[in-house]
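Encoded as structure tokens, the structure appears first; notes follow it.
Number of protein chains: 2
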Amino acid sequence: MRISELAEATGVPVHTLKYYLREGLLMPGEATSRTRAEYGPQHVERVRLVRALVQHGGVGIAGVRAILDALEAPPPSRHELLGVAHGALPGASREDGTADVDPWARRFVEQLDWGVEGCAPAIARLADAVVQARAAGLPLPDADLARYAQAMRRVAEVDLEVTERATSAAEAMRTVVIGTVLVDPVLLALRRLAQEAESAARSHG
Amino acid sequence: MRISELAEATGVPVHTLKYYLREGLLMPGEATSRTRAEYGPQHVERVRLVRALVQHGGVGIAGVRAILDALEAPPPSRHELLGVAHGALPGASREDGTADVDPWARRFVEQLDWGVEGCAPAIARLADAVVQARAAGLPLPDADLARYAQAMRRVAEVDLEVTERATSAAEAMRTVVIGTVLVDPVLLALRRLAQEAESAARSHG
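Listed in order, the protein sequences are those of chains A and B. Heads up: the first sequence runs through residues 816 to 1020, numbered per this note's numbering. Heads up: the second sequence runs through residues 816 to 1020, numbered per this note's numbering.
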């Protein structure tokens, strides 16, 4: 297909595709004349991934490059893909690193016995969120947090199955990024709905 | 206690307390002289609630008034409190109302059989979030969504238990608001952590 057809197939305007080409985020098509190139399904897949990263993931050009590099040979495992995606997504890690993570958070995560490495950026993120909620006057005892954690583990089971259904590493990466960023609001809406359901059940029960 | 002590007890500056008094968000203290008033524990509780609403809930003055009105006689049930809090929190409902909610979302929620009323603002919010994720290329089949919903119901069980532990309606309301707004980021951090744990378990398993 020509670049105009690639634009149509992906919903990304031609001038944006040319920008991706210049920045090396999209591999060149096969030249068919001095001014024309032919694009194929691998270009469609790449454009969809880049757009998902930039538009939905809020990932900068450097982050997109890191993800694309990680997708190249040697092909990373699905587990490594997730780490790369999490590292590139904004808000996944704190700017000041994780060296000063609250010892409480490390202990809490250790007690979950999930086999998560002590340096996972998500631990720092968890520590920040819990500290803020407790400072605002919510006791949030560890026992409640552990039950929240078990519920989110059920969520992650679905997340990982979705990723495993992907038929290529690029599609898996796109699924991780979109699935992480765009399913967050779905989960929060379901939480509100579940609160109403649970509240109704308890008041009538 | 005097207003300076009320400020110290709540961490809210005196000029903000005076603003709450002028706006009728804080009930007047008992006048002990022409320029002095005495405040008690009910003032501390009220200030904490108003601050939680404004600072963490992003609730405007009109929303705070609606919540305070709902707290006055006749005392509402805990279930009604939740509805009032959800209605006042920004992002809880769409500005354009819920009349045009996606029929898919209504059917999906009906199939959950949670007894949630068809007009719940959370349904519109859910519909928006799902439409956006699907438009970005995530299939998000109903079967996956139903499993996400079951997981969030586990979350809501904890949420409601936290609210039931509150010893007054004002404290319950504060718990609903802080617990809804400030536990959201905790849950999202736990999701990232759970994804890493689930991914590691699957790759080594």
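Cβ atoms here follow ideal geometry from the backbone N, Cα and C, with glycine treated the same way. In this text, all values refer to a predicted model and were calculated from it rather than measured experimentally.
- Using a CB distance cut-off of 8 Å, A/A966 counts as an interface residue toward chain B.
- The beta carbon of A/R989 sits closer than 8 Å to some beta carbon of chain B.
- With contacts defined by Cβ atoms closer than 8 Å, A/I882 and A/M988 form a contacting pair.
- Between the alpha carbons of A/E986 and A/V879 lies a gap of roughly 14 Å.
- Using a Cβ-Cβ cut-off of 8 Å, A/A944 counts as an interface residue toward chain B, since at least one Cβ of chain B sits closer than that to its own.
- B/A935 sits in coil when the DSSP states are folded into three classes, being neither helix nor strand.
- Neighbours of B/D959 in chain A, taken as residues whose beta carbon is under 7 Å from its own, are V973 and V977 in chain order.
- Following the DSSP letters along the chain, one finds B/L886 inside the alpha helix (DSSP H) bounded by residues I876 to L886.
- Look at A/H858: its C-beta is not under 8 Å from any C-beta on chain B.
- For B/Q965, the uninterrupted alpha helix (DSSP H) segment begins and ends at D957 to E979.
- At a beta-carbon threshold of 8 Å, the residues of chain B lying near A/S1018 are S892, R893 and H894, ordered along the chain.
- Following the DSSP letters along the chain, one finds A/T825 inside the alpha helix (DSSP H) bounded by residues I818 to T825.
- Contacts with chain A at 8 Å (Cβ-Cβ) do not include B/S983.
- In this structure, B/L941 is the residue among B/T990, B/A1016, B/L941 and B/H894 with its C-alpha nearest to the C-alpha of A/L1003.
- Straight-line spacing of the CA atoms in A/A964 and A/L896 works out to 23 Å.
- For A/A846, DSSP records a beta bridge to A/A852.
- Excluding residues up to 5 positions away in sequence, V829, L832, K833, G844, A852 and Y854 lie with their Cβ nearer than 8 Å to the Cβ of A/I818 in the same chain.
- Sequence-distant Cβ neighbours of A/E860 in its own chain, meaning closer than 6 Å and more than five residues away, are A985.
- Near chain B, meaning a CB-to-CB distance below 9 Å, the residues of the stretch 864 to 885 of chain A are R866, A867, Q870 and H871.
- Contact of B/Q926 with chain A is not assigned, every C-beta pair being separated by 8 Å or more.
- In the displayed model, A/V865 falls within a helix according to three-state DSSP.
- With fewer than three CB-CB distances shorter than 8 Å, the stretch 965 to 984 of chain B does not count as touching the stretch 942 to 949 of chain A.
- A straight-line Cα-Cα distance of about 6 Å links B/R969 and A/A966.
- Under the DSSP assignment, B/D999 falls in the alpha helix (DSSP H) whose first and last residues are A984 to H1019.
- Excluding residues up to 5 positions away in sequence, nothing lies with its Cβ nearer than 8 Å to the Cβ of B/E1013 in the same chain.
- Out of A/T850, A/L840 and A/A846, the CA that lies nearest to the CA of A/V862 is found in A/L840.
- Interface flag for A/D999 against chain B is set, since a Cβ pair is found closer than 8 Å.
- Scanning its chain for C-beta atoms nearer than 6 Å, with the 5 sequence neighbours on each side dropped, one finds around A/A846 the residues A852, in chain order.
- In its chain, beyond the 5 residues on either side, R989, V992 and I993 have a beta carbon closer than 6 Å to the beta carbon of A/A867.
- Rounded to the nearest whole angstrom, the CA to CA distance from A/D928 to B/A1009 is 11 Å.
- Boundaries for B/L840: no alpha helix (DSSP H) harbours it, and the DSSP string shows neither H nor E there.
- Per the C-alpha coordinates, the member of B/R1017, B/M816 and B/V1001 positioned closest to B/P856 is B/M816.
- Residue state for A/P954 is assigned as coil, using DSSP reduced to three classes.
- Annotation: the continuous alpha helix (DSSP H) that includes B/P918 extends over P918 to L927.
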